[in-house]
């Protein structure tokens, strides 16, 4: 297992907290997140889940004002 932290990762902002060691079943329908998943699977990489500060999950682009700065690094372990 590679314990080095990646410098840049894709973010998946949600209205929930993802805790280390937990599992999250996602229903992904937005093109940008389908692309995120494809890229992660292609590169054997993970992504970050971060908590939205408020508002809707469907936003054009997450910014420092819309998401919390702390999140959880996630890996895809199963895909249907």
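In the numbering used here, the protein residues as written are 7 to 86.
Built from N, CA and C at the ideal position, the CB exists for glycine as well.
Taking residue 52 as the reference, which of 20, 21 and 79 has the closest Cα?
Position 46 of the chain shown, counted from the start, is the residue given in the question as residue 52. Of 20, 21 and 79, the residue nearest in Cα terms is 79.
With a threshold of 16 other CB atoms inside 10 Å of the CB of residue 4, please say whether the residue is buried or exposed.
What the structure shows of the chain is the stretch from 7 to 86, and residue 4 is not part of that stretch, so it cannot be assessed.
Using beta-carbon positions only, say whether residue 74 and residue 56 come within less than 7 Å of one another.
As a first step, residue 74 is located in the chain shown; it is residue number 68 there, counting from the start. As a first step, residue 56 is located in the chain shown; it is residue number 50 there, counting from the start. In contact: residue 74 and residue 56 (Cβ atoms closer than 7 Å).
When 86, 77 and 15 are compared against residue 22, the one with the closest alpha-carbon
For this step, residue 22 is matched to residue 16 along the chain shown. Among 86, 77 and 15, the Cα nearest to that of residue 22 is on 77.
How would you call residue 42, buried or exposed, if buried means at least 16 neighbouring beta carbons within 10 angstroms?
Taking the chain shown and counting its residues from 1, the one referred to as residue 42 is at position 36. By the 10 Å Cβ count, residue 42 comes out buried.
In three-state DSSP terms, what is residue 29?
Translated into the one-based positions of the chain shown, residue 29 becomes position 23. It is coil, neither helix nor strand.
Three-way DSSP call (helix, strand, coil) for residue 55 in this model:
One-based indexing of the chain shown puts residue 55 at position 49. If DSSP states are grouped into helix, strand and coil, residue 55 belongs with the strands.
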